[in-house]
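**Q**
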Amino acid sequence: MKGDEEGIRIEIHDAQELVPFDLEVVRNCAQLAFPLCFNKAIKGSPLTTIDSLEVSIVSDAEIAKVHEKFMDDPSPTDVITFDYGEIISSAETALRVSNDMEISVEQELALYTIHGMLHLAGYRDGTSDEFNQITELQEKILADICG
Numbered sequence: 561m562k563g564d565e566e567g568i569r570i571e572i573h574d575a576q577e578l579v580p581f582d583l584e585v586v587r588n589c590a591q592l593a594f595p596l597c598f599n600k601a602i603k604g605s606p607l608t609t610i611d612s613l614e615v616s617i618v619s620d621a622e623i624a625k626v627h628e629k630f631m632d633d634p635s636p637t638d639v640i641t642f643d644y645g646e647i648i649s650s651a652e653t654a655l656r657v658s659n660d661m662e663i664s665v666e667q668e669l670a671l672y673t674i675h676g677m678l679h680l681a682g683y684r685d686g687t688s689d690e691f692n693q694i695t696e697l698q699e700k701i702l703a704d705i706c707g
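Going by the working numbering, the sequence shown opens with residue 561, and the numbers climb by one from there.
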C-alpha cells in the first residue's frame with residue numbers, strides 16, 4: 561500500500577518487561593495517527609513509500625545499544641527512527657517522562673511513535689526551528705487522536 565493515506569501494515573512489539581502498559585492503546589493510537597502524519601508528509605519522504613511500519617518498544621539498555629551503534633552516542637534516548645520503516649522507543653524513558661508530565665505511559669509511547677512517523681514524513685529536529693516545528697505537529701496530532 562505504498563503512498564496510501566488510508567494506512568499501511570503497522571506492527572508494534574513490546575520487547576521489554578520492565579514497564580507495564582496497554583499495548584493495544586499504543587497500537588490504536590498509531591493506526592489513528594498514521595493518516596494524519598501521511599497527510600503532512602513531504603513528497604518523496606519514506607512515509608509515502610514504505611509498505612509497513614514496525615515499532616519496537618524496548619528498555620533503556622537496548623535503545624542505548626542501538627543509539628551507540630548507529631549514532632555513536634551510548635546514552636538511552638526516547639525514540640530512534642530508521643528510514644526503511646522502523647521505530648524503536650524506550651518504555652523506561654516514556655515512564656519517566658509520563659510521570660513528569662502527568663500523562664499515561666501509553667500517551668507518551670504514542671507520542672514517540674508519532675515523532676518517528678513524522679521523521680519518516682520528512683521532518684527533522686536538528687535545529688531549534690525544526691525541533692519546534694516537529695514538536696508542535698506531534699502534539700497537535702496526539703491531541704487530535706486522544707481528544
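The beta carbon of each residue, even a glycine, is placed where N, CA and C say it ideally should be.
1. Whole angstroms are fine: how far does the CA of Ala681 sit from the CA of Thr608?
2. Assign Leu596 to one of three DSSP states: helix, strand, or coil.
3. Taking only the alpha-carbon atoms, compute the straight-line gap between Leu592 and Ala624 and give it to the nearest angstrom.
4. Take Glu646 as the anchor and find which of Glu662, Met677, Tyr683 has the nearest alpha-carbon.
5. So what's Glu662 in DSSP terms, helix, strand or just coil?
6. Closest to Asp643 by C-alpha separation, out of Tyr683, Ile572, Ile663, Leu578, would be which residue?
7. Starting from Ser616, follow its DSSP beta bridges and name the residues at the other end.
**A** Once the coordinates are examined:
1. 7 angstroms
2. When DSSP states are grouped into helix, strand and coil, Leu596 belongs to the helix group.
3. Looking at the two C-alpha atoms, the distance is approximately 29 angstroms.
4. Met677
5. Assignment of Glu662 by DSSP, reduced to helix, strand and coil, places it in the coil class.
6. Tyr683
7. His573, Ile648
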